[in-house]
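Trainee: Could you have a look at this structure, given as structure tokens, before my questions?
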Amino acid sequence: MQLFRLIPIVLALSLAGCQTATDGLSTSAAPADVTGSAAGAIAGDMAGRFAEQAGSTATPIKLHKDTSEFSVALEAALKGWGFAIVTDDKSASAKDAPQPVELAYSIATVDGQVLARLSTDTMELGRAYSVSNGVAMPASPLSLMKRN
Numbered sequence: 000m001q002l003f004r005l006i007p008i009v010l011a012l013s014l015a016g017c018q019t020a021t022d023g024l025s026t027s028a029a030p031a032d033v034t035g036s037a038a039g040a041i042a043g044d045m046a047g048r049f050a051e052q053a054g055s056t057a058t059p060i061k062l063h064k065d066t067s068e069f070s071v072a073l074e075a076a077l078k079g080w081g082f083a084i085v086t087d088d089k090s091a092s093a094k095d096a097p098q099p100v101e102l103a104y105s106i107a108t109v110d111g112q113v114l115a116r117l118s119t120d121t122m123e124l125g126r127a128y129s130v131s132n133g134v135a136m137p138a139s140p141l142s143l144m145k146r147n
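Here the sequence shown is numbered in numbering that gives the first Met the number 0, starting from 0 and rising by one per residue.
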């Protein structure tokens, strides 16, 4: 009898992580409280882990630009790893140019930690950071999900 009570819960949990073909990348966002050297450290670490997983820097990255310190630091870190950054559709319109890979990011503060995520159509990276006195240190292993 208890098994029948668990079936709806298991079904709901299994469907909670599903992504359909109509799902797109989430919008990029960074909270105002991740600034300065902490934003730079998180962006640098995540860009390095992204470069390890991407394998090639030949394909340009389309990054939604905003004015947050994290966005500026992420763009600089990706360029430092050799990626070309495209911030508008006009830059990617040349016929012979490779199509850019859209990179979405999010930063959220939860329970005293900063959760960072980078996403493309083919992979998602995430990590938690502890931020203290403007210094950010990884507080979790890197989470990696690859999609086909």
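Every residue, glycine too, gets a C-beta built ideally from N, C-alpha and C. Since this is a predicted model, take the numbers as computed values, not measurements.
Could you check how far apart the C-beta atoms of LEU62 and THR86 are, in whole angstroms? I think they sit under 8 Å.
Mentor: 6 Å
Trainee: In chain order, what residues of the same chain lie with their CB nearer than 6 Å to the CB of THR121, ignoring the 5 residues before and after it?
Mentor: ARG146
Trainee: Is the CB-CB distance between SER148 and VAL134 below 9 Å?
Mentor: Any property of residue 148 remains undetermined from this structure, which presents the chain solely from 0 to 147.
Trainee: Once you ignore the five residues that flank PRO137 on each side, which residues in its own chain have a CB closer than 7 Å to its CB?
Mentor: ASP44, ARG126 and TYR128
Trainee: Would you list the one or two residues that DSSP bridges to VAL130?
Mentor: ALA135
Trainee: VAL130 to GLY39, Cα distance in whole Å?
Mentor: 12 Å
Trainee: Go to ALA83, then tell me how far its alpha helix (DSSP H) extends in each direction, as first and last residue.
Mentor: Run containing ALA83: none; DSSP gives neither H nor E here.
Trainee: Tell whether a beta-carbon distance below 9 Å holds between PRO97 and PRO59.
Mentor: Taking 9 Å as the Cβ cut-off, PRO97 and PRO59 qualify as a contacting pair.
Trainee: Suppose contacts are defined by Cβ-Cβ distances below 9 Å. Is ILE41 in contact with VAL109 by that definition?
Mentor: no
Trainee: Measuring from the CB of VAL113, is there a heavy atom of the ligand GDP at a distance below 8 Å?
Mentor: In the structure shown, the ligand GDP is absent, as is every other ligand, since no ligand is present at all.
Trainee: Once DSSP output is grouped into helix, strand and coil, what is the label at GLY43?
Mentor: Helix at GLY43.
Trainee: If you compare alpha carbons, which of ILE106, GLY47, LEU124 and THR56 is closest to ALA76?
Mentor: GLY47
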